[in-house]
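J.:
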Amino acid sequence: MALIVQKYGGTSVGNPERIKNVAKRVARFRAQGHQVVVVVSAMSGETNKLIALAKEISANPDPRELDQVCATGEQVTIGLLSMALKEIGVPARSYTGGQVKVLTDNTFTKARILSIDESNMRRDLDAGMIVVVAGFQGVDADGNVTTLGRGGSDTSGVALAAALKADECQIYTDVDGVYTTDPRVVPEARKLDTVTFEEMLEMASLGSKVLQIRSVEFAGKYKVKLRVLSSFQDEGEGTLITVEEDKNMEQPIISGIAFNRDEAKLTMLGVPDKPGIAYQILGAIAEANIDVDMIIQNVGHDGTTDFSFTVNRGDFAKAQGILEKVKAELGARQVTGDNKICKVSAVGVGMRSHPGVASKMFKALADEGINIQMISTSEIKISVVLDEKYLELAVRVLHRTFGLDQSI
Ligand code: ADP
Ligand code: ASP
Ligand code: MG
381 MALIVQKYGG
391 TSVGNPERIK
401 NVAKRVARFR
411 AQGHQVVVVV
421 SAMSGETNKL
431 IALAKEISAN
441 PDPRELDQVC
451 ATGEQVTIGL
461 LSMALKEIGV
471 PARSYTGGQV
481 KVLTDNTFTK
491 ARILSIDESN
501 MRRDLDAGMI
511 VVVAGFQGVD
521 ADGNVTTLGR
531 GGSDTSGVAL
541 AAALKADECQ
551 IYTDVDGVYT
561 TDPRVVPEAR
571 KLDTVTFEEM
581 LEMASLGSKV
591 LQIRSVEFAG
601 KYKVKLRVLS
611 SFQDEGEGTL
621 ITVEEDKNME
631 QPIISGIAFN
641 RDEAKLTMLG
651 VPDKPGIAYQ
661 ILGAIAEANI
671 DVDMIIQNVG
681 HDGTTDFSFT
691 VNRGDFAKAQ
701 GILEKVKAEL
711 GARQVTGDNK
721 ICKVSAVGVG
731 MRSHPGVASK
741 MFKALADEGI
751 NIQMISTSEI
761 KISVVLDEKY
771 LELAVRVLHR
781 TFGLDQSI
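Just add 380 to wherever you are in the sequence shown, counting from 1, and you've got our numbering.
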């Protein structure tokens, strides 16, 4: 007998028929003698609808109230799934994050989990029940409802698995595992049987939304056995996220291509080239709680320099406003911006022992006439910023260049 946490994403519970199918799958695991805790997302599209609704009332909704609204999506699916289980004779009980209780900090809309009380869940599991928990939500020390950021149900699933010391956390979604790149963009993408935590962390942080980044961090930290599988197929081992590289296998140099459309670039032209400038520009941006990704400062000439950085596209207008103010203080020449850029990245632990990966990537892009605007590298990834119109082409070309469409 094993204790398994299964998380079902929005598409997997997207309509009553699918919810009934999830119930049948969960019942099968129970019939095999396993204890199951199920974490569900809101029905697909529901969280987007709730956010849009909030924005019709307020252009900049109060974060506490926004969480109050957004958390309702998952409250619907836990109730429906528990009903579906009872309908087929399986005892089940649903819990909101607060009822569990999943204690978080009070950073509304992107709260972090602090602790999980497992007592209610244990009691129900021991009584032979299926426990159904709302993903994406928790409660702070003052009893306020909080949410964990978009895609946060993955993190709920992994955190519950860690708290319960579950044998495995299974993330059921609309693809049958982690692929070499998003199979919606490159149909030739291949499913990976295993991927290391390190690579999965990079892929998630560089835009592969198949797993929320925090869920991967959590699984790595608490040694949760994490697997991604399809909720639409009965067969298949999915993709196992592993701690170690498979020493028996020749590591591919690149494991995957990740991309992110959600990017924007800002440049301050003609900044006086003297100490403290980066701090003055980026300090003001950080104070406004805007995350900065890539940064480039050009070599100075005529005593001035150009300073560029990228932010999330949603923060573009706000960052532009801040730079206009800083420009006046610094006596810089001009602020320019581009919110039609994207970031494409090649990820792989094999890169460590193989020089020349970057030049191969740059040549492949050059051969297609794709201009690289910014570059950033780490030990196991190379990222480039490109005009958004090249996104699909660049992903396909790099996927092919690194031989990812061929089985190994
Ligand atoms: P869920 O609603 O189940 O949480 P998501 O939409 O959040 O599902 O994540 C699954 C989607 O992630 C897939 O449909 C796929 O388009 C996308 N995706 C992006 N990169 C990858 C990748 N490397 N492997 C698999 N899926 C990916
Ligand atoms: N429903 C939330 C979202 O759409 C959480 C999740 O699906 O993981 O972001
Ligand atoms: Mg998701």
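Don't be surprised by glycine CBs; every beta carbon is placed ideally from N, CA and C. A quick note: this is a predicted structure, and the numbers were derived from the prediction, not measured.
Taking 7 Å as the cut-off, is the C-beta of S427 nearer than that to any heavy atom in the ligand ASP?
T.: Residue 427 sits at position 47 when you count from the first residue of the sequence shown. Per the sequence shown, the amino acid found at residue 427 is Thr instead of Ser. Answer for T427: yes, Cβ within range of the ligand ASP.
J.: Is it buried or exposed for V558, if we count other Cβ within 10 angstroms and need 16 for buried?
T.: Along the sequence shown, one-based indexing puts residue 558 at 178. Buried, since its Cβ has 16 or more Cβ neighbours within 10 Å.
J.: DSSP three-state call for R607: helix, strand or coil?
T.: Residue mapping note: residue 607 aligns to position 227 of the sequence shown, counting from 1. Of the three classes helix, strand and coil, the one that applies to R607 here is strand, per DSSP.
J.: Hey, I399 and A451 are a contact pair by Cβ (cut 8 Å); roughly how many whole angstroms apart?
T.: Here residue 399 corresponds to residue number 19 of the sequence shown, with the count starting at 1. Here residue 451 corresponds to residue number 71 of the sequence shown, with the count starting at 1. With a Cβ gap of about 19 Å, I399 and A451 do not count as contacting.
J.: So, do the segment 689 to 701 and the segment 665 to 672 have three or more beta carbon pairs nearer to each other than 8 Å?
T.: Contact between the segment 689 to 701 and the segment 665 to 672 is present, because at least three Cβ pairs lie under 8 Å.
J.: On the three-state DSSP scale, how would you describe L494?
T.: Mapped onto the sequence shown, residue 494 falls at position 114. L494 falls in the strand class under three-state DSSP.
J.: According to DSSP, D718 sits in a beta bridge with which residue or residues?
T.: Position 338 of the sequence shown, counting from 1, holds the residue named residue 718. DSSP output for D718 lists K645 as bridge partner(s).
J.: Check whether the Cβ of A507 sits closer than 7 Å to any heavy atom of the ligand GDP, and report yes or no.
T.: Looking for the ligand GDP in the displayed structure turns up nothing; the ligands present are the ligand ADP, the ligand ASP and the ligand MG.
J.: Using only CA atoms, which one of G390, F742, L606 lies nearest to V623?
T.: Start at 1 with the first residue of the sequence shown, and residue 623 comes out as number 243. Here the closest residue by C-alpha is L606.
J.: Distance check for T535 and F598, CA to CA, integer angstroms please.
T.: By 1-based counting over the sequence shown, the position of residue 598 is 218. By 1-based counting over the sequence shown, the position of residue 535 is 155. Roughly 7 Å separates the two Cα atoms.
J.: Please confirm if the segment 697 to 712 is in contact with the segment 638 to 657, defined as three or more CB-CB distances below 8 Å between the two stretches.
T.: Taking 8 Å as the limit for Cβ pairs, the verdict is that the segment 638 to 657 does touch the segment 697 to 712.
J.: Just to confirm, does V590 get its C-beta within under 7 Å of one of the non-hydrogen atoms of the ligand ADP?
T.: For the purposes of this step, residue 590 is identified with residue 210 of the sequence shown, where counting begins at 1. The answer is yes for V590.
J.: Using the C-alpha atoms, what's the distance from R444 back to G508?
T.: Walking along the sequence shown from the start, residue 508 turns up at place 128. Walking along the sequence shown from the start, residue 444 turns up at place 64. Going by the C-alpha atoms only, they are around 36 Å apart.
J.: If you scan the segment 547 to 629 from start to end, which runs of the beta strand (DSSP E) of 3 or more residues do you find wholly inside it?
T.: Within the segment 547 to 629, the complete beta strand (DSSP E) runs of at least 3 residues are 548 to 553, 574 to 576, 606 to 610, 619 to 622.
J.: Taking DSSP's pairing of strands, which residues face H681 in a bridge?
T.: Start at 1 with the first residue of the sequence shown, and residue 681 comes out as number 301. H681 is bridged to T684.
J.: When DSSP labels each residue in this structure, what does L461 get in the three-state scheme?
T.: Counting from one through the sequence shown, the residue named residue 461 turns up at place 81. Here L461 sits in helix by DSSP.
J.: DSSP on L784, reduced to helix/strand/coil?
T.: As a first step, residue 784 must be located in the sequence shown, where it is residue number 404. If DSSP states are grouped into helix, strand and coil, L784 belongs with coil.
J.: Does the Cβ of R564 have 16 or more other Cβ atoms within 10 Å, making it buried, or fewer, making it exposed?
T.: The residue given as residue 564 occupies position 184 in the sequence shown. Exposed, since its Cβ has fewer than 16 Cβ neighbours within 10 Å.
J.: Flag this pair as yes or no: are the beta carbons of A382 and D547 separated by less than 8 Å?
T.: As a first step, residue 382 is located in the sequence shown; it is residue number 2 there, counting from the start. As a first step, residue 547 is located in the sequence shown; it is residue number 167 there, counting from the start. Yes; because the gap between Cβ atoms is below 8 Å, this pair is in contact.
J.: Below 6 Å CB to CB, which residues in the same chain sit around R776 once its five sequence neighbours on both sides are set aside?
T.: Within the sequence shown, numbered from 1, the residue matching residue 776 stands at position 396. Excluding residues within five positions, the ones whose Cβ falls inside 6 Å are V566.
J.: Regarding F488 and the ligand ASP, is the C-beta to nearest heavy atom distance less than 7 Å?
T.: Translated into positions along the sequence shown, residue 488 becomes position 108. No; taking the cut-off as 7 Å, the Cβ of F488 has no heavy atom of the ligand ASP nearer than that.
J.: From the DSSP output, read off the bridge partner residues of R473.
T.: Your numbering for residue 473 matches position 93 in the sequence shown. According to DSSP, R473 bridges with V511.
J.: How close, in whole Å, do the beta carbons of S725 and L586 come, if the pair is a contact with beta carbons under 8 Å?
T.: By one-based count along the sequence shown, residue 725 stands at place 345. By one-based count along the sequence shown, residue 586 stands at place 206. Contact flag correct, Cβ pair sits at about 4 Å.
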